[in-house]
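K.L.:
Below: one structure in structure tokens.
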Amino acid sequence: MEEWQLRLQAKNAQLLRTALHDPLTGLANRAAFRSGINTLMNNSDARKTSALLFLDGDNFKYINDTWGHATGDRVLIEIAKRLAEFGGLRHKAYRLGGDEFAMVLYDVQSESEVQQICSALTQIFNLPFDLHNGHQTTMTLSIGYAMTIAHASAEKLQELADHNMYQAKHQRAEKLVR
Numbered sequence: 021m022e023e024w025q026l027r028l029q030a031k032n033a034q035l036l037r038t039a040l041h042d043p044l045t046g047l048a049n050r051a052a053f054r055s056g057i058n059t060l061m062n063n064s065d066a067r068k069t070s071a072l073l074f075l076d077g078d079n080f081k082y083i084n085d086t087w088g089h090a091t092g093d094r095v096l097i098e099i100a101k102r103l104a105e106f107g108g109l110r111h112k113a114y115r116l117g118g119d120e121f122a123m124v125l126y127d128v129q130s131e132s133e134v135q136q137i138c139s140a141l142t143q144i145f146n147l148p149f150d151l152h153n154g155h156q157t158t159m160t161l162s163i164g165y166a167m168t169i170a171h172a173s174a175e176k177l178q179e180l181a182d183h184n185m186y187q188a189k190h191q192r193a194e195k196l197v198r
């Protein structure tokens, strides 16, 4: 019976991972994001020192149309890798779908620190992507953020970060909007 229970526990853990992670990139997915952001917003201490970033690719359709979907997938995998490496153990990256990503920043002390983090992320994505066909391309990300302490609900927090991301996308000159 013990062996059966261990197999069942392993299968349940595998199912949970599958349910909460994006199969292409390995990042936590939209379901995990919703759960995580709700947990964060219900933790008054964590809300005081956290921020939400929404990130969206600026020319991903061009990459897919020019180089094909397999190449687009490789770019998405590389974006996820860069976000995960940047976030490390301190911040949490999510793939929401397509070329839309989110990152929850933890233990940030000021809005200025969030802006510095966004600038650092921008620099990371200024590095070209190797397309594995002898070509390279760049893909910038528009970033919008919202400070968790300023919002009473997860919905309002997401609305502001999303709004700011789309403002950044339309401004083109400055990709960071708060």
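According to our numbering, the sequence shown is numbered sequentially starting from 21. Just so it is clear, CB atoms sit at the ideal spot from N, CA and C, and this is done for glycine as well.
(1) Please state whether DSSP places Asp119 in a helix, a strand or coil.
(2) For Ser162 and Ala181, which I take to be in contact (beta-carbon distance under 8 Å), what is that distance rounded to the nearest angstrom?
(3) If you measure between the beta carbons of Phe149 and Val95, is that distance less than 8 Å?
(4) Quick check: the Cα distance between Thr157 and Leu151, rounded to an integer number of angstroms?
(5) On the CB-based measure, 16 or more other CB atoms within 10 Å of its CB, does Arg115 come out buried or exposed?
(6) Can you tell me which of Glu120, Gln191, Arg110, Glu175 puts its alpha carbon nearest to the alpha carbon of Asn58?
(7) Is it right to say Gln29 is buried, meaning 16 or more other beta carbons lie within 10 angstroms of its own, or is it exposed?
(8) Under 8 Å, do Leu47 and Ala90 count as touching if we go by C-beta distance?
(9) Given that a residue counts as buried once 16 or more other Cβ atoms are within 10 Å of its Cβ, and exposed if not, what is Ser70?
(10) In three-state terms, what does DSSP make of Thr157?
(11) With respect to the beta strand (DSSP E) encompassing Asp76, which residues constitute its N-terminal and C-terminal limits?
(12) Going straight from the alpha carbon of Ser173 to that of Leu73, what length do you get?
(13) Would DSSP call His41 helix, strand or coil?
(14) Lys112: which of Glu179, Asp93, Leu60 sits nearest, CA to CA?
(15) Between the C-alpha atoms of Arg27 and Tyr165, what's the straight-line distance to the nearest angstrom?
(16) Tell me the DSSP secondary structure of Ser130 in three-state form.
(17) So Met185 and Val134 are supposed to be a Cβ contact under 8 Å. How far apart are they, rounded?
(18) Once the 5 residues before and after Asp127 are set aside, which same chain residues still bring their CB inside 8 Å of it?
P.N.:
Short version:
(1) The residue labelled residue 119 in the question sits at position 99 within the sequence shown. Under the three-state reduction of DSSP output, Asp119 falls in the coil class, being neither helix nor strand.
(2) As a working mapping, residue 162 is identified with position 142 in the sequence shown. As a working mapping, residue 181 is identified with position 161 in the sequence shown. Going by Cβ atoms, the distance from Ser162 to Ala181 rounds to 11 Å, so no, they are not a contact pair.
(3) Position 129 of the sequence shown, counting from 1, holds the residue named residue 149. Position 75 of the sequence shown, counting from 1, holds the residue named residue 95. Yes.
(4) As a first step, residue 157 must be located in the sequence shown, where it is residue number 137. As a first step, residue 151 must be located in the sequence shown, where it is residue number 131. Taken atom to atom, the span from the alpha-carbon of Thr157 to that of Leu151 is near 7 Å.
(5) One-based indexing of the sequence shown puts residue 115 at position 95. Arg115 is buried by the Cβ-count criterion.
(6) Looking up residue 58 in the sequence shown gives position 38. Minimum Cα distance to Asn58 is reached at Glu175.
(7) If you number the sequence shown from 1, residue 29 lands on position 9. Within a 10 Å sphere around the beta-carbon of Gln29 sit fewer than 16 other beta-carbons, which makes this residue exposed.
(8) The residue labelled residue 47 in the question sits at position 27 within the sequence shown. The residue labelled residue 90 in the question sits at position 70 within the sequence shown. The beta carbons of Leu47 and Ala90 sit no closer together than 8 Å.
(9) Here residue 70 is taken as the residue at index 50 of the sequence shown, counted from 1. Result: buried.
(10) Along the sequence shown, read from residue 1 onward, the residue named residue 157 stands at position 137. Strand at Thr157.
(11) Here residue 76 is taken as the residue at index 56 of the sequence shown, counted from 1. Its beta strand (DSSP E) spans residues 71-77.
(12) As a working mapping, residue 173 is identified with position 153 in the sequence shown. As a working mapping, residue 73 is identified with position 53 in the sequence shown. Approximately 16 Å between the Cα atoms of the pair.
(13) Here residue 41 refers to the residue found at position 21 when the sequence shown is read from its first residue. Here His41 sits in strand by DSSP.
(14) Indexing the sequence shown from 1 puts residue 112 at position 92. Considering only alpha carbons, the answer is Leu60.
(15) Numbered from its first residue, the sequence shown carries residue 27 at position 7. Numbered from its first residue, the sequence shown carries residue 165 at position 145. Arg27 and Tyr165 have their C-alpha atoms some 42 Å from each other.
(16) By 1-based counting over the sequence shown, the position of residue 130 is 110. Correct three-state label for Ser130: coil.
(17) Here residue 185 is taken as the residue at index 165 of the sequence shown, counted from 1. Here residue 134 is taken as the residue at index 114 of the sequence shown, counted from 1. Contact between Met185 and Val134 fails: their C-beta atoms lie close to 14 Å from each other, not under 8 Å.
(18) Start at 1 with the first residue of the sequence shown, and residue 127 comes out as number 107. Answer for Asp127: Thr69, Ser70, Arg110, listed in chain order.
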